[in-house]
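Peer 1: For the sequence shown, the UniProt record's numbering begins at 1 and goes up steadily by one. Note that beta-carbon positions come from the ideal geometry of N, C-alpha and C, so glycine has one too.
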Amino acid sequence: MKVLWTDGTIFTMNAEGEKVEAVLVENGKVIQTGTKEQLSLLADQIQSLQGAVMYPGFVDSHIHLIGHGEKLSYLDLSSFTSIQTLVTEVAKRVKEGEWYVAEGWNDNILVENRPITCKDLGGLKETPIVLKRICRHVLVANTKAMELAGITNDTPNPVGGIIGKDEDGNLNGLFYDEAQQLITSHIQAVTTEYLQKVIQASVADLQAKGLTGVHTEDMAYYGPYNTPLEAYRRTIGRSFRVHLLRNHEVFEQMQGEEPADFIEFGAMKIFIDGSLGGHTALLAEDYSDSPGNKGVAVHDREKLENLIKLARKYNENIAVHVIGDKAVEIILNLIEKYPAPIGKKDRLIHVNVLTKELIDRMAKLPVVLDIQPMFVPSDFPWVIDRLGKERLTWAYAWKTLLDKGFDCSGGSDSPIELADPLLGMDAAANNKYLPKQELTTFEAISLFTTGSAKAIGKEHIRGKIMSGFDADFTIVDQMLTKESFTTSKVIQTVVNGEIVFSK
1 MKVLWTDGTI FTMNAEGEKV EAVLVENGKV IQTGTKEQLS LLADQIQSLQ GAVMYPGFVD
61 SHIHLIGHGE KLSYLDLSSF TSIQTLVTEV AKRVKEGEWY VAEGWNDNIL VENRPITCKD
121 LGGLKETPIV LKRICRHVLV ANTKAMELAG ITNDTPNPVG GIIGKDEDGN LNGLFYDEAQ
181 QLITSHIQAV TTEYLQKVIQ ASVADLQAKG LTGVHTEDMA YYGPYNTPLE AYRRTIGRSF
241 RVHLLRNHEV FEQMQGEEPA DFIEFGAMKI FIDGSLGGHT ALLAEDYSDS PGNKGVAVHD
301 REKLENLIKL ARKYNENIAV HVIGDKAVEI ILNLIEKYPA PIGKKDRLIH VNVLTKELID
361 RMAKLPVVLD IQPMFVPSDF PWVIDRLGKE RLTWAYAWKT LLDKGFDCSG GSDSPIELAD
421 PLLGMDAAAN NKYLPKQELT TFEAISLFTT GSAKAIGKEH IRGKIMSGFD ADFTIVDQML
481 TKESFTTSKV IQTVVNGEIV FSK
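1. Are the beta-carbon atoms of ILE129 and ASN142 separated by less than 8 Å?
2. Here's the rule: buried if 16 or more other CB atoms are within 10 angstroms of the residue's CB, otherwise exposed. What is GLN492?
3. Once the 5 residues before and after THR12 are set aside, which same chain residues still bring their CB inside 8 Å of it?
4. Quick check on SER78: does DSSP put it in helix, strand or coil?
5. Identify every residue that forms a DSSP beta bridge with ASN306.
6. Can you give me the start and stop residues for the alpha helix (DSSP H) that ASN293 sits inside?
7. Are CYS118 and VAL140 closer than 8 Å when you measure CB to CB?
8. Got a sec? Which residues, its chain only, sit under 7 Å from TYR74 by beta carbon, not counting five neighbours each side?
9. Out of MET54, ASP7, ILE63 and VAL25, state which residue places its alpha-carbon closest to the alpha-carbon of LYS36.
10. Rounded to whole angstroms, what is the Cα-Cα separation between GLN392 and VAL495?
11. Would you list the one or two residues that DSSP bridges to CYS135?
12. Go ahead and label ASP261 buried or exposed: buried means 16 or more other beta carbons lie within 10 angstroms of its beta carbon, across all protein chains shown.
13. Does DSSP classify GLY424 as helix, strand or coil?
14. Can you have a look at MET268 and say buried or exposed, based on whether 16 or more other CB atoms are within 10 angstroms of its CB?
15. Based on Cα-Cα distance, which residue from HIS243, THR450, GLN372 and PRO158 lies nearest to MET412?
16. Determine the direct distance from the alpha carbon of GLN45 to that of LEU423, and round the result to whole angstroms.
17. Under the three-state reduction of DSSP, which class applies to TRP5: helix, strand or coil?
18. Can you give, in chain order, each stretch of the alpha helix (DSSP H) that sits fully within the segment 190–242 and has at least 4 residues?
19. Could you check the C-alpha separation between GLU285 and GLY274 for me, to the nearest Å?
20. Could you pull out every residue in the same chain whose Cβ sits closer than 6 Å to the Cβ of residue 567, ignoring the five residues on either side in sequence?
21. Whole angstroms are fine: how far does the CA of ASP325 sit from the CA of ASN157?
22. Could you please give the first and the last residue of the uninterrupted beta strand (DSSP E) stretch that includes TRP394?
23. Could you pull out every residue in the same chain whose Cβ sits closer than 8 Å to the Cβ of ALA91, ignoring the five residues on either side in sequence?
24. Taking the alpha carbon of ALA52 as the reference point, which residue from TYR194, LEU480, GLY67 and VAL500 has its own alpha carbon closest?
25. Span of the alpha helix (DSSP H) holding GLN32?
26. Where do the ends of the alpha helix (DSSP H) carrying HIS350 lie?
27. Taking the alpha carbon of VAL70 as the reference point, which residue from ASP289, VAL190, GLY292 and SER185 has its own alpha carbon closest?
28. Mind checking whether TYR433 and THR280 have CB atoms under 8 Å apart?
29. Leaving out the 5 sequence neighbours to the left and right, which residues in its chain are closer than 7 Å to VAL383 when beta-carbon positions are compared?
30. Output the distance between the C-alpha atoms of THR235 and GLU336, rounded to the nearest integer angstrom.
31. I need the boundaries of the beta strand (DSSP E) containing GLN492, first residue and last residue.
32. Sort out for me which residues DSSP pairs HIS321 with in a bridge.
33. Let me make sure I understand the geometry here. Which of ASN14, LEU41 and TRP5 has the alpha-carbon closest to that of VAL25?
34. In whole angstroms, what separates the C-alpha of GLN196 from that of ASP379?
35. On a Cα-Cα basis, can you pick out the residue from PRO341, VAL368 and GLU357 that is closest to ALA453?
36. Between SER414 and the rest of its own chain, which residues show a CB-CB distance below 8 Å, the 5 nearest in sequence each way excluded?
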């Protein structure tokens, strides 16, 4: 059946300001755009926008979909501003003998101005507790959790991680980057049935936010990869598009898995460094507020090189978490040595701290930059002290990167940040901390439409409202502008030509 969408404002995102009067859809595809008078003759049904505004479907190019779903159901620690209040609320929820896990604490907003330690959790002795920092690159474990994991003062730091200790050399409960696995590997495994419920809740929430799909990385954190993969297969129908990056730990195991129409497999996901908030992002020079500390390298050079070679063996690209400038330098050295397969682009995720030299090198390579606009309101102003003013010239440099011709996609990194794409666009377009890096309205929307399509090589069928493209639409109550991002409301979300959310 041919359905005509009309009676509103329809932005194609093919070019700035380009609009059409009507869109004809059949079998999940846009078959023609034009005038209402012209296309109504071909339509079997007319779907009136009733004055609303239609855009190509918004896609979050960097999210942890399962983590987002879990955040909807457990205590969100990101709103707490004092350790005492946070611990009191955790204590109300724990069940004796059962692992309790929550995430989101942020020492940059805590009145104590320090991380949570196991001493803060000292009153909770019978229940193993794990509280993950907002960046997910640091966690705090209580004494019971460390006992169950067999962690002592003599436990050595693993490669790519640090076990935190106090000034007397005793465990403080903090585990950085790869050291987190010493604790998390002892948490009871989740079931496929549990993950199904989480995915269902997550997708429903994301659809209500106007998202028609996401790029996510969930394959190495919930037991064997086939546990979350089976949950996705059982849950994702034809109402949401999921692009699954494959963590390097399970990448080769997943080579025999077949994708589906709405479940795609993507690049090998690799972490090079940690986060600025946790002082684990890898910098070329010391942190300005932590002399002698340059961050943490998650892998040594040999392992990284072998991972890149493995991806290339299967003719695949890589998607690499790089926040610090030294991390970017390390991966560029390897990409230059082992280029991306012809026709594919490697994805550099975050790229918070850069230099002119690094940007010039990136410009010569087939890469797409996966940026998170919400990092700016989240990281500022504390990141100024962490990096120093000199490094800010090339930090969070979204406008500079677009002006230099880089393909950039937009993601939230939820549950670390809020998953609302309209808030992400607002953060990109209204940047009071780095006004020279503000994007135009068109550029901000492009991050979550054409940009996300380019990140996975789907720019020929997604991200625009044009003939032959997927009929994925986000419909809002008013035209999006720098002034209206935060006041606009999602009216409908359309995937594959079908309404999957209606306000």
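Peer 2: Short version:
1. Mapped onto the sequence shown, residue 129 falls at position 129. Mapped onto the sequence shown, residue 142 falls at position 142. Cβ distance < 8 Å, so ILE129 and ASN142 count as in contact.
2. Start at 1 with the first residue of the sequence shown, and residue 492 comes out as number 492. A residue is called buried once 16 or more other Cβ atoms fall within 10 Å of its Cβ, and GLN492 is buried on that count.
3. As a working mapping, residue 12 is identified with position 12 in the sequence shown. Contacts found: GLU18, LYS19, VAL20, THR33, PRO56, LYS464, ILE465 and MET466.
4. Mapped onto the sequence shown, residue 78 falls at position 78. Three-state result, SER78: helix.
5. Translated into the one-based positions of the sequence shown, residue 306 becomes position 306. Beta-bridge pairing links ASN306 to no other residue.
6. Within the sequence shown, the letter at position 293 stands for residue 293. That residue, ASN293, is in no alpha helix (DSSP H); it is neither H nor E in DSSP.
7. Here residue 118 refers to the residue found at position 118 when the sequence shown is read from its first residue. Here residue 140 refers to the residue found at position 140 when the sequence shown is read from its first residue. Yes; because the gap between Cβ atoms is below 8 Å, this pair is in contact.
8. Numbered from 1 along the sequence shown, position 74 holds the residue referred to as residue 74. Taken in chain order, the residues that qualify are ALA102.
9. Residue numbering aside, residue 36 sits at position 36 when the sequence shown is read from its first letter. Of the candidates MET54, ASP7, ILE63 and VAL25, the one whose C-alpha sits nearest the C-alpha of LYS36 is ASP7.
10. The residue given as residue 392 occupies position 392 in the sequence shown. The residue given as residue 495 occupies position 495 in the sequence shown. Looking at the sequence shown, residue 392 is not Gln but Leu. Their backbone Cα atoms lie some 39 Å apart in a straight line.
11. The residue you call residue 135 lines up with position 135 of the sequence shown. Answer is none; CYS135 lacks a bridge partner.
12. Mapped onto the sequence shown, residue 261 falls at position 261. When all chains shown are included, ASP261 counts as exposed.
13. Locating residue 424 in the sequence shown gives position 424, where the first residue counts as 1. The answer is helix: DSSP assigns GLY424 an H, G or I state.
14. Stepping through the sequence shown from its first residue, residue 268 is reached at position 268. The residue is buried, with at least 16 neighbouring Cβ atoms inside 10 Å.
15. Within the sequence shown, the letter at position 412 stands for residue 412. Note on identity: in this sequence residue 412 is Ser, with Met being the wrong assignment. When only C-alpha atoms are compared, the closest one is GLN372.
16. The residue you call residue 423 lines up with position 423 of the sequence shown. The residue you call residue 45 lines up with position 45 of the sequence shown. Their backbone Cα atoms lie some 34 Å apart in a straight line.
17. The residue labelled residue 5 in the question sits at position 5 within the sequence shown. Correct three-state label for TRP5: strand.
18. Runs found: 192–208 and 226–235.
19. Sequence index remark: in the sequence shown, residue 285 carries index 285 (1-based). Sequence index remark: in the sequence shown, residue 274 carries index 274 (1-based). Approximately 15 Å, taken between the alpha carbons.
20. The question about residue 567 has no answer here: the residues shown for the chain are numbered 1 through 503.
21. Residue 157 sits at position 157 when you count from the first residue of the sequence shown. Residue 325 sits at position 325 when you count from the first residue of the sequence shown. Their backbone Cα atoms lie some 24 Å apart in a straight line.
22. Against the sequence shown, residue 394 aligns to sequence position 394. TRP394 -> no beta strand (DSSP E), and no H or E assigned at all.
23. Taking the first residue of the sequence shown as 1, we reach residue 91 at position 91. Sequence-distant partners of ALA91 (beyond 5 residues in either direction) whose C-beta falls short of 8 Å from its own C-beta, in its chain, are GLY123 and LEU124.
24. Numbered from its first residue, the sequence shown carries residue 52 at position 52. Checking every option, the nearest Cα to that of ALA52 belongs to LEU480.
25. Start at 1 with the first residue of the sequence shown, and residue 32 comes out as number 32. First-last for GLN32: 29–34, but that is the beta strand (DSSP E), not the alpha helix (DSSP H).
26. Reading the sequence shown from its first residue, position 350 is the one you call residue 350. No alpha helix (DSSP H) holds HIS350; the beta strand (DSSP E) holding it covers 346–350.
27. As a first step, residue 70 is located in the sequence shown; it is residue number 70 there, counting from the start. Reading the sequence as shown, one finds Glu at residue 70 and not Val. Taking only the C-alpha atoms, the option nearest GLU70 is VAL190.
28. The residue you call residue 433 lines up with position 433 of the sequence shown. The residue you call residue 280 lines up with position 280 of the sequence shown. No, they are not a contact pair.
29. Against the sequence shown, residue 383 aligns to sequence position 383. Cβ neighbours of VAL383 beyond the five flanking positions: LEU276.
30. Mapped onto the sequence shown, residue 235 falls at position 235. Mapped onto the sequence shown, residue 336 falls at position 336. Looking at the two C-alpha atoms, the distance is approximately 39 Å.
31. Here residue 492 refers to the residue found at position 492 of the sequence shown. Residues 490–495.
32. In the sequence shown, residue 321 corresponds to position 321, counting from 1. Residue pairing of HIS321 in beta bridges, as defined by DSSP: PHE271 and ILE349.
33. Position 25 of the sequence shown, counted from the start, is the residue given in the question as residue 25. Nearest C-alpha to VAL25: TRP5.
34. The residue labelled residue 196 in the question sits at position 196 within the sequence shown. The residue labelled residue 379 in the question sits at position 379 within the sequence shown. Cα to Cα, the separation comes out at about 33 Å.
35. Translated into the one-based positions of the sequence shown, residue 453 becomes position 453. Selected option, being the one with the closest Cα: VAL368.
36. As a working mapping, residue 414 is identified with position 414 in the sequence shown. ASP60, ILE63, HIS64, GLY67, HIS68 and LYS71, listed in sequence order.
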